[in-house]
């Protein structure tokens, strides 16, 4: 198993290191934008098991040079989109892993274009090596209580720094949660 897959599996299946630094979410406006990449359909239950699909997606991103095959990329960040939710966080959702692109009609075989909806989002961020993705999601779920975070469950996304596919020690992650109107 590659170093990246090991690091990402650790990030997605176990708790983050205690040195992770998290911040309180802030409300931000996001304009819609397209993301091109590979996708799967999964559930949070599956992602907490040995059959998790998301670590496999990250392994494919690296080993199949997915980012290098995405035309019209706008930057070097890696975007992970969560969308098409069925039954909130308890049901299935579509996970798209790729990059922000300019509008295009050409989509390479095996990839999709997913639009991140414009609107008001809560931006969470954290730092650590590797980035504490699971801990940040646990914070988000914890914030979903009466009078707390009111999610739209339409489109959420993560922004990972350029180079994460090659170097899992890059330390920052931003997660944008679409807020209910």
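In the working numbering, the protein residues as written are 590 to 770. The beta-carbon is built from N, C-alpha and C at its ideal position, and this holds for glycine as well.
- Restricting attention to alpha helix (DSSP H) runs no shorter than 4 residues, the stretch 719-756 encloses them at 722-732, ordered along the chain.
- If you ignore the 5 residues before and after residue 630, its C-beta comes within less than 6 Å of the C-beta of 681 and 683, all in its own chain and listed in chain order.
- Secondary-structure assignment with DSSP links residue 674 through no beta bridge to anything.
- Residue 616 and residue 765 have their C-alpha atoms roughly 9 Å apart.
- Residue 723 and residue 675 have their C-alpha atoms some 21 Å from each other.
- With a minimum length of 4 residues, the unbroken runs of alpha helix (DSSP H) contained wholly in the stretch 624-653 fall at 633-636 and 643-652.
- In this structure, DSSP gives residue 668 an extended state, which the three-state scheme calls strand.
- With a cutoff of 9 Å on beta-carbon distance, residue 687 and residue 656 are scored as near each other.
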